[in-house]
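Participant: Would you mind keeping the following structure in view while I ask a few things?
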Amino acid sequence: MAVAGTALAGPYPASEEAPGSHDHLRERVRELEGRVQQAEQRRRAILHMMGDLNESNRRLADQRKAMLHILGDYEQDRRRLARQTARLDNSRRALLHILQDSHHSNMRLEASRKAMIHIMGDLRETTAEIQRREQELRDKQEQLVQAGKLATLGELTTGVAHELNNPLNNIGLFVGNVIDHVRMRRIDEEQILHDLQKVVEQVKKATEIITHLRTFGRAAPATVRRVGVQDVIERSLSLIQEQLRLRQIQVQVDPVEGPEPVVVGNSIQLEQVFINLLANARDALELEPRKLIRIQSRVTGDLAVVTVSDNGPGIPEGLEERIFDPFFTTKDVGAGTGLGLSITYGIIKEHGGTIGVVSVPGDGASFRIELPLAGDEQPSQVWQ
Amino acid sequence: MAVIGQAHVLIVDDDPALLEALPETLRLRLDPIEVDVCDSAAAALERIETRDYDAIVTDIKMPGMDGLALLAQIQERRPSTPTLLITGHGEDDLAARALEGGAYDYISKPIDRDQFVESLERAIGRGGLTISLNSGREAAMTGAPGRRSARRD
């Protein structure tokens, strides 16, 4: 051992005194033994320390290992954190984008909101305008209906004047005859009674015509009730048949097969519809050698269907859509108002129905009207 | 009245009430008189084929052949038969066309019985007169044409 060697080969302080004496040697031995002892103690101490150091070393090694583990863990954590940071960074950037986008969206929304407010304002104005126009339109429609009635009335006047003139004339003749009987004192009671009965008949005939015309022309609110379609057709015919008869127009009203169609509506307005259609057919048939109008009505599903057909020249191609327009007429200037069919259209629409025309040029026109059938309830409303 | 024995007239109209009332008027006022009635121009033409009338009274407005067309036929077939046309109230244009077509007179509805009877009397008288002239008798009695033109104004 290096330490022990150094201690043995060191200087000899006691030998300078008496290097060859016994005492001196003994002294020297003791001294050396002391040194050996000391060295032994030191060796032991050193061994002890060495053991301690070893222990410390082992502990340190353990700690280093632990440290290495911790460092490994730490490294893992660091990497994880780095990854998370990267992810977070990405998210942050994405968020930033989103925020930016949402800012843009917000700005756009704000712009849209402002635009919307403008639009709402415009819409309010437009709505008010539309309401005003609608009211105007309703007023006009009402005027138009009345004008149409008057136009229809105008159509009827010639025929009716003729029709009214006949009973008046007959009344005059019969009464004159009675007066003659009395004046001449040729009291043939039976003949006089017969003449007077004829007078009553003729008065009744005239009254019917006038009553009907008056109801027709009146600008009254349109009351609606259950109306038999066939009755309406017959009353319309009674107003215009004199004109048809004089023009040798044959009118064929087919008997209804199945249940009689009943609708809810205003009978005067519905009469107007048929008078207009009949007047239309009358004019269409002017140049035909054989003039025929055919009227059919029936129940189909929940509809009353009426067709008014004539064997006239039909409607020129392309005009089927226009004939219901107001003021559209194919007649000569002054011959037609162009209101008849548009009024007809308006009335049918108001009754919840439809009207259309099928026409083969050269082979007549057929107007088809569909009206919803009346239910079982008793309506008593008034159309304004 | 300086007329006529039994006059025979034809009344044409499509109104059955008139075909009752007017003949009665004539029978009351112009007795003795015989009155035939037809309810259409076509029927009247058939009658005219079979016999001669002293006067014909016809409505203008009738379905089928109207009074003016009938007048034209009468003018062709029986030019000497005076024809009176009945027009509606205020139908002056039809009245004018009737006179242009050779009608003896026109009567407007409602018919004034006195005027009608007077006019028909004249027509019958004139009709008889024309026949008389043609047959060369009673040449002294003239004036009917003057009356006609007077009515025309």
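Here the protein sequences come in this chain order: A and B.
The numbering of the first sequence is this note's numbering, which starts it at 33 and goes up by one.
The numbering of the second sequence is this note's numbering, which starts it at 19 and goes up by one.
Glycine residues also receive a C-beta, built at the ideal position from the N, C-alpha and C atoms.
#1: Which residues in chain B have a C-beta closer than 8 Å to the C-beta of LYS230 of chain A? List them in chain order.
#2: Shorter than 8 Å from the beta carbon of GLN173 of chain A to some beta carbon of chain B?
#3: Got a sec: is the Cβ-Cβ distance from ARG277 of chain A to anything in chain B below 8 Å?
#4: Return the CA-CA distance between ARG95 of chain B and ALA121 of chain B, expressed in angstroms with no decimal places.
#5: Using a Cβ cut-off of 8 Å (strictly closer), state whether GLY106 of chain B contacts chain A.
#6: With ALA62 of chain B and THR76 of chain B assumed to form a contact (beta carbons below 8 Å), what rounded beta-carbon distance in angstroms separates them?
#7: Whole-angstrom Cβ separation of ARG140 of chain B and GLY208 of chain A, contact assumed at under 8 Å?
#8: Assign MET80 of chain B to one of two classes, buried (16 or more other C-beta atoms within 10 Å of its C-beta) or exposed (fewer than that).
#9: When you compare only the Cα positions, how much space is there between ASP49 of chain B and GLN301 of chain A?
#10: For chain B, find out if any of its Cβ atoms is closer than 8 Å to the Cβ of GLY18 of chain A; answer yes or no.
#11: Give a yes or no on whether 8 Å exceeds the smallest Cβ distance from LEU200 of chain A to chain B.
#12: Pick from A:ALA160, A:PRO404, A:GLN95: whose alpha carbon is nearest that of THR332 of chain A?
#13: Starting from the C-beta of MET83 of chain B, find all residues in its chain whose C-beta is less than 7 Å away, skip the five residues before and the five after it, and write them out in chain order.
#14: Does DSSP put TYR124 of chain B in a helix, in a strand, or in coil?
#15: Note the first and the last residue of the continuous beta strand (DSSP E) segment covering ASP395 of chain A.
#16: In whole angstroms, give me the CA-to-CA distance for THR43 of chain B and ILE219 of chain A.
#17: Do the stretch 374-391 of chain A and the stretch 30-43 of chain B meet, that is, are 3 or more Cβ pairs less than 8 Å apart?
#18: Look up ARG326 of chain A in the DSSP assignment and give the residues it is bridged to.
#19: For LEU88 of chain B, decide whether its Cβ has a neighbour in chain A, counting only Cβ atoms nearer than 8 Å.
#20: Quick one: residues in its chain with C-beta nearer than 6 Å to the C-beta of GLN234 of chain A, no 5 flanking neighbours on either side, listed in chain order?
#21: Comparing the C-beta of LEU252 of chain B with each C-beta of chain A, is any distance below 8 Å?
#22: Within the chosen definition, does the stretch 92-108 of chain B reach the stretch 166-175 of chain A through at least 3 CB pairs nearer than 8 Å?
#23: Quick check on HIS136 of chain A: does DSSP put it in helix, strand or coil?
#24: Can you find a C-beta in chain A that's less than 8 Å from the C-beta of ARG65 of chain B?
#25: Does the Cβ of ALA6 of chain B have 16 or more other Cβ atoms within 10 Å, making it buried, or fewer, making it exposed?
#26: Going by DSSP, name the residue or residues bridged to THR76 of chain B.
#27: Measure the CB-CB distance between ALA313 of chain A and PRO345 of chain A and report whether it falls below 8 Å.
#28: Whole angstroms are fine: how far does the CA of LEU351 of chain A sit from the CA of PRO393 of chain A?
#29: CA-CA distance, ASP31 of chain B and PHE356 of chain A?
#30: What residues from chain A crowd round ILE78 of chain B, counting only those whose CB sits closer than 9 Å?
#31: Classify PRO293 of chain A as helix, strand or coil using the three-state DSSP reduction.
#32: Does any residue of chain A have a CB that is nearer than 8 Å to the CB of ARG131 of chain B?
#33: For GLU52 of chain B, which residues in the same chain have their Cβ closer than 8 Å to its Cβ, ignoring the five residues on either side in sequence?
#34: Can you look up ARG400 of chain A in the DSSP assignment and give me helix, strand or coil?
#35: Identify the contact partners of ASP395 of chain A in chain B, using a Cβ-Cβ distance below 7 Å as the criterion.
#36: What first and last residue would you give for the alpha helix (DSSP H) that runs through ASP110 of chain B?
Facilitator: According to the data block:
#1: In the first sequence, counting from the first residue as 1, residue 230 of chain A sits at position 198. Chain B residues near LYS230 of chain A: ALA35, GLU38, ALA39.
#2: In the first sequence, residue 173 of chain A corresponds to position 141, counting from 1. Chain B, which has no Cβ nearer than 8 Å to the Cβ of GLN173 of chain A, makes this no.
#3: The residue labelled residue 277 of chain A in the question sits at position 245 within the first sequence. With 8 Å as the cut-off, ARG277 of chain A counts as an interface residue toward chain B.
#4: As a first step, residue 95 of chain B is located in the second sequence; it is residue number 77 there, counting from the start. As a first step, residue 121 of chain B is located in the second sequence; it is residue number 103 there, counting from the start. Roughly 14 Å between the two C-alpha positions.
#5: Residue 106 of chain B sits at position 88 when you count from the first residue of the second sequence. So, interface residue.
#6: Within the second sequence, numbered from 1, the residue matching residue 62 of chain B stands at position 44. Within the second sequence, numbered from 1, the residue matching residue 76 of chain B stands at position 58. That belief holds up - the Cβ atoms of ALA62 of chain B and THR76 of chain B are roughly 7 Å apart, short of 8 Å.
#7: Sequence index remark: in the second sequence, residue 140 of chain B carries index 122 (1-based). Sequence index remark: in the first sequence, residue 208 of chain A carries index 176 (1-based). Wrong, their Cβ atoms sit about 19 Å apart, outside the cutoff.
#8: As a working note, residue 80 of chain B is residue 62 in the second sequence. Flag for MET80 of chain B reads buried.
#9: One-based indexing of the second sequence puts residue 49 of chain B at position 31. One-based indexing of the first sequence puts residue 301 of chain A at position 269. One C-alpha to the other measures close to 53 Å.
#10: In the structure as shown, chain A starts at 33 and stops at 416, and residue 18 of chain A therefore has no counterpart that could be examined.
#11: As a working mapping, residue 200 of chain A is identified with position 168 in the first sequence. Answer yes: the Cβ-Cβ gap between LEU200 of chain A and chain B drops below 8 Å somewhere.
#12: Working through the first sequence from its first residue, we reach residue 332 of chain A at position 300. Measuring from the Cα of THR332 of chain A, the nearest candidate turns out to be A:PRO404.
#13: One-based indexing of the second sequence puts residue 83 of chain B at position 65. Excluding residues within five positions, the ones whose Cβ falls inside 7 Å are ALA59, ALA60.
#14: Position 106 of the second sequence, counting from 1, holds the residue named residue 124 of chain B. Three-state result, TYR124 of chain B: strand.
#15: Looking up residue 395 of chain A in the first sequence gives position 363. Looking at the DSSP string, ASP395 of chain A is not in any beta strand (DSSP E), and its letter there is neither H nor E.
#16: For the purposes of this step, residue 43 of chain B is identified with residue 25 of the second sequence, where counting begins at 1. For the purposes of this step, residue 219 of chain A is identified with residue 187 of the first sequence, where counting begins at 1. If you take the alpha carbons of THR43 of chain B and ILE219 of chain A, they lie about 15 Å apart.
#17: no
#18: The residue labelled residue 326 of chain A in the question sits at position 294 within the first sequence. Per DSSP, A:GLN284, A:SER341.
#19: In the second sequence, the residue the question calls residue 88 of chain B occupies position 70. By this cut-off, LEU88 of chain B is not an interface position.
#20: Indexing the first sequence from 1 puts residue 234 of chain A at position 202. Same-chain partners within the cutoff: PRO199, ASN202, ILE203.
#21: Residue numbering for chain B in the displayed model covers 19 to 171; residue 252 of chain B lies beyond these limits and cannot be assessed.
#22: They do not touch, by the three-pair rule.
#23: Working through the first sequence from its first residue, we reach residue 136 of chain A at position 104. DSSP places HIS136 of chain A in helix when its eight states are reduced to three.
#24: For this step, residue 65 of chain B is matched to residue 47 along the second sequence. Not one chain A Cβ lies under 8 Å of ARG65 of chain B.
#25: Outside the modelled stretch of chain B, which goes from 19 to 171, sits residue 6 of chain B, for which no answer is possible.
#26: Counting from one through the second sequence, the residue named residue 76 of chain B turns up at place 58. Bridge partners of THR76 of chain B: B:VAL30, B:LEU103.
#27: As a first step, residue 313 of chain A is located in the first sequence; it is residue number 281 there, counting from the start. As a first step, residue 345 of chain A is located in the first sequence; it is residue number 313 there, counting from the start. No. Outside cutoff.
#28: Position 361 of the first sequence, counted from the start, is the residue given in the question as residue 393 of chain A. Position 319 of the first sequence, counted from the start, is the residue given in the question as residue 351 of chain A. A straight line joining the alpha-carbon of PRO393 of chain A with that of LEU351 of chain A spans about 11 Å.
#29: Residue numbering aside, residue 31 of chain B sits at position 13 when the second sequence is read from its first letter. Residue numbering aside, residue 356 of chain A sits at position 324 when the first sequence is read from its first letter. Rounded to the nearest angstrom, the two C-alpha atoms are 40 Å apart.
#30: The residue you call residue 78 of chain B lines up with position 60 of the second sequence. Here the premise fails: no neighbours, minimum Cβ distance about 10 Å.
#31: Your numbering for residue 293 of chain A matches position 261 in the first sequence. Note: PRO293 of chain A maps to coil in three-state DSSP.
#32: Along the second sequence, one-based indexing puts residue 131 of chain B at 113. ARG131 of chain B belongs to the set of residues whose beta carbon lies under 8 Å from a beta carbon in chain A.
#33: As a first step, residue 52 of chain B is located in the second sequence; it is residue number 34 there, counting from the start. These residues qualify, in order along the chain: GLN24, ALA25, HIS26, VAL27.
#34: Taking the first residue of the first sequence as 1, we reach residue 400 of chain A at position 368. DSSP places ARG400 of chain A in the strand class (E or B) of the three-state scheme.
#35: Locating residue 395 of chain A in the first sequence gives position 363, counting from the first residue. In chain order: nothing, as chain B lies at least about 25 Å away.
#36: Residue numbering aside, residue 110 of chain B sits at position 92 when the second sequence is read from its first letter. Where ASP110 of chain B is concerned, the enclosing alpha helix (DSSP H) stretches over 110-118.
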